[in-house]
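Q: Just so we're aligned, residue 39 is where the sequence shown starts under our numbering, counting upward by one. All C-beta atoms, glycine included, are put in the ideal place defined by N, C-alpha and C. Following this message is one structure expressed as structure tokens.
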Amino acid sequence: MSEITSISIRQIVRKRFLDILQVMEASKETYILVTDAHSRRLLGEVIGDTEIYYGHIGEVVVIGQGEKNDYSSYNALYLLTPSHESVVHLMEDFQNPQKLRYKSAVVYFISDLDDEYYHNLLSSPAKKYIKSINEVYVDLFTPETRLFDLKLSQSFVRLYSNELEASLPKELEVIAKKIASACYTLKENPIIRYFKPDGEMNTSMISEKLAKAVEKELEHLSVKEKSYLQNTTEPRASLIILDRTLDMKAPLLHDITYQAMAYDMLDISDDRKYMYEITDNTNNVVEKKATLDENDQLWVKYRHSYFADTSKDLVAELNKLTSKQLQNKPGMSPQAMIKQLREAVFQLPDYQEFKEKLSCHLTMLTECKELFQTYNYADLVPLEQILATGEDIEGNAAKHMLEDVIHLVRGLDNDDNRLRLLLLYLISKDGIREEHLQTIREQAGVLENSEDDLVLNNIKHMGVKVLKVMIHTL
Numbered sequence: 039m040s041e042i043t044s045i046s047i048r049q050i051v052r053k054r055f056l057d058i059l060q061v062m063e064a065s066k067e068t069y070i071l072v073t074d075a076h077s078r079r080l081l082g083e084v085i086g087d088t089e090i091y092y093g094h095i096g097e098v099v100v101i102g103q104g105e106k107n108d109y110s111s112y113n114a115l116y117l118l119t120p121s122h123e124s125v126v127h128l129m130e131d132f133q134n135p136q137k138l139r140y141k142s143a144v145v146y147f148i149s150d151l152d153d154e155y156y157h158n159l160l161s162s163p164a165k166k167y168i169k170s171i172n173e174v175y176v177d178l179f180t181p182e183t184r185l186f187d188l189k190l191s192q193s194f195v196r197l198y199s200n201e202l203e204a205s206l207p208k209e210l211e212v213i214a215k216k217i218a219s220a221c222y223t224l225k226e227n228p229i230i231r232y233f234k235p236d237g238e239m240n241t242s243m244i245s246e247k248l249a250k251a252v253e254k255e256l257e258h259l260s261v262k263e264k265s266y267l268q269n270t271t272e273p274r275a276s277l278i279i280l281d282r283t284l285d286m287k288a289p290l291l292h293d294i295t296y297q298a299m300a301y302d303m304l305d306i307s308d309d310r311k312y313m314y315e316i317t318d319n320t321n322n323v324v325e326k327k328a329t330l331d332e333n334d335q336l337w338v339k340y341r342h343s344y345f346a347d348t349s350k351d352l353v354a355e356l357n358k359l360t361s362k363q364l365q366n367k368p369g370m371s372p373q374a375m376i377k378q379l380r381e382a383v384f385q386l387p388d389y390q391e392f393k394e395k396l397s398c399h400l401t402m403l404t405e406c407k408e409l410f411q412t413y414n415y416a417d418l419v420p421l422e423q424i425l426a427t428g429e430d431i432e433g434n435a436a437k438h439m440l441e442d443v444i445h446l447v448r449g450l451d452n453d454d455n456r457l458r459l460l461l462l463y464l465i466s467k468d469g470i471r472e473e474h475l476q477t478i479r480e481q482a483g484v485l486e487n488s489e490d491d492l493v494l495n496n497i498k499h500m501g502v503k504v505l506k507v508m509i510h511t512l
């Protein structure tokens, strides 16, 4: 058990990239790192620029972002996505012997290279200058120690849209290759299990089709990479493949842990950057940028904590570093407590990095608290829980919830929250009558055939019964 809990997929991926850079360091020559935007982002996820340049990397060139300098006297280290565009670019760099872009190439692909692309490389003039071609299976983002993300934001539409059904096999192949990369990285050949719906309202076969695609990729890997499963004595893990139709409620609920509220309410970029302003001890307003990642120990420690407890926990952290004991006095408002914390932060003589991290989280907490009040989360969250569980706070079956939903929807100032609550209501019911759907439209201000109305109707494609089938008897 201790070995299992110590596994960090983020550290494994980081080590893979470091191993590549260290191979170049051993050669004692300066290399130009040539990469595409996707691979560069993967690398930057786990290795900072300082570490990249610390070895024998003289420059980083991102394909398509200005490649005007003359590097013909340098060797190139290619870190590429195994795509048509990247392979073509690699071949073009060595197309003309009189105008070589680099002296030679060591090539690493971040996942499995198709045989067609491999043969194209070997039959091109570039073959003469390529020292080696390697595949490292690191095509996954690892924002947290035990979490990986495929960053396929458009997959939801491609998987479930009837209009894009022809592209489904290709999309499943892309996802399966990335999942296979994760399995390879973890040295796992898992038993694959998948969700199969009842087939009445929910007829989704996404999980089953993806499971078969992953199985195919893993079989291919086991043949191609002989070392993949060598010396594996551990019991086989289970890979459980589910799709969104299994649980439509979860992404609509507002979770009130710190990380969930921050991502739901604040302007945090896709690369986990948060911009904020602080007033320093000279009363100057300073703009700051924070990265919410594994290097921020306060974020790692408290991100899954209940939001209301986070401020108290930060007070305790601060009290460890200051002789002044901070008090959460009866009746003290959240804003007053945050102000007290800020003042204590600026009085700390040292710990500059800690001060900046703490100041960032105090700002985030303040903004979240204000938005919690502005958007009436105190009423919204309990009603969401009733709809999701089907029970009220006393554990009794929830009945006749439409009036409560309409009342709250009419008082909400946030369009997304209104739509989320209406969707949650529809999902919680086993279909509603047509006149009730019309009441929702009228009372919630949803115009017929508007974008919100289309969303309410389109959830039927996710296995949700929107309307009851009325049976009329003679």
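(1) Starting from the Cα of residue 474, find the closest Cα among 246, 293 and 444 and give me that residue.
(2) Under 8 Å by Cβ, that's how I've got residue 169 and residue 144 pegged, so tell me the actual separation to the nearest angstrom.
(3) How far does the alpha helix (DSSP H) with residue 348 in it reach, from first residue to last?
(4) My output table needs one value for residue 492: the three-state DSSP class, helix, strand or coil.
(5) Rounded to the nearest angstrom, what separates residue 296 and residue 406 at their Cα positions?
(6) Just grab the DSSP bridge partners of residue 80 for me.
(7) Taking the CB atoms as reference points, tell me whether residue 109 and residue 58 lie closer together than 8 Å.
(8) What runs of the beta strand (DSSP E), each 3 residues or longer, lie entirely inside the segment 151–190?
(9) Residue 180: buried (16+ other C-beta within 10 angstroms of its C-beta) or exposed?
(10) Closer than 8 Å is the cut-off here; do at least three beta carbon pairs connect the segment 171–187 with the segment 144–162?
(11) Do residue 236 and the ligand COA come close, with the Cβ less than 7 Å from some heavy atom?
(12) Taking only three categories from DSSP, how would you classify residue 149?
(13) Between 317, 321 and 400, which lies nearest to residue 337 when the distance is taken from Cα to Cα?
(14) Report buried or exposed for residue 195, applying the criterion of at least 16 other Cβ atoms within 10 angstroms of its Cβ.
(15) Only counting the same chain, and skipping five residues up and downstream in sequence, which positions put a Cβ closer than 7 Å to that of residue 242?
(16) Excluding the 5 residues preceding and the 5 following residue 503 in the sequence, name in chain order all residues of the same chain whose CB lies nearer than 7 Å to its CB.
(17) Here's a check: name, in chain order, each residue in its chain whose Cβ is nearer than 7 Å to the Cβ of residue 218, leaving out the five neighbours to either side.
(18) First and last residue of the alpha helix (DSSP H) that includes residue 193?
(19) Can you give the Cα-Cα distance for residue 141 and residue 56, rounded to whole angstroms?
(20) Just tell me which of 391, 227 and 276 has its CA closest to the CA of residue 265.
(21) Assign residue 507 to one of three DSSP states: helix, strand, or coil.
(22) Could you give the residue range of the alpha helix (DSSP H) that holds residue 463?
(23) For residue 419, which residues from the same chain have a beta carbon less than 7 Å from its beta carbon, with the 5 sequence-adjacent residues on both sides left out?
(24) Output needed for residue 495: all residues of its chain with C-beta closer than 8 Å, excluding positions within five of it in sequence on either side, in chain order.
(25) To which residues of the same chain is residue 363 closer than 8 Å at the C-beta, ignoring the five residues directly before and after it?
(26) Please confirm whether residue 347 has its beta-carbon closer than 8 Å to some beta-carbon of chain B.
(27) Using only CA atoms, which one of 446, 440 and 290 lies nearest to residue 413?
(28) Would you mind sorting residue 425 into buried or exposed? The rule is 16 or more other CB atoms within 10 Å of its CB.
(29) So, helix, strand or coil for residue 470, using DSSP?
(30) Exposed or buried, what is residue 137 when buried is set at 16 or more other beta-carbons lying within 10 Å of its beta-carbon?
(31) Within 10 angstroms of the Cβ of residue 492, are there 16 or more other Cβ atoms? Answer buried if so, exposed if not.
(32) Could you give the first and the last residue of the continuous alpha helix (DSSP H) run that contains residue 436?
(33) Can you name the start and end residues of the beta strand (DSSP E) that residue 232 belongs to?
A: Taking the coordinates as given:
(1) 444
(2) 5 Å
(3) 345–357
(4) helix
(5) 9 Å
(6) Residue 80 pairs with nothing; no bridge assigned.
(7) no
(8) 168–173, 179–182 and 185–187
(9) buried
(10) yes
(11) The ligand COA is not among the ligands present in this structure, which contains no ligands whatsoever.
(12) coil
(13) 400
(14) exposed
(15) 235, 281, 283 and 501
(16) 239, 468 and 469
(17) 252, 255, 256 and 259
(18) 193–198
(19) 23 Å
(20) 227
(21) coil
(22) 453–466
(23) 292 and 294
(24) 504
(25) Only weak support is given to the placement of residue 363: the predicted model assigns it a pLDDT of 48, under 50, and the value that follows is read from those uncertain coordinates. Excluding sequence neighbours, residue 363 sits near 357.
(26) Protein chains in the displayed structure number just one, and chain B is not present.
(27) 446
(28) buried
(29) strand
(30) exposed
(31) exposed
(32) Run containing residue 436: none; DSSP gives neither H nor E here.
(33) 229–232
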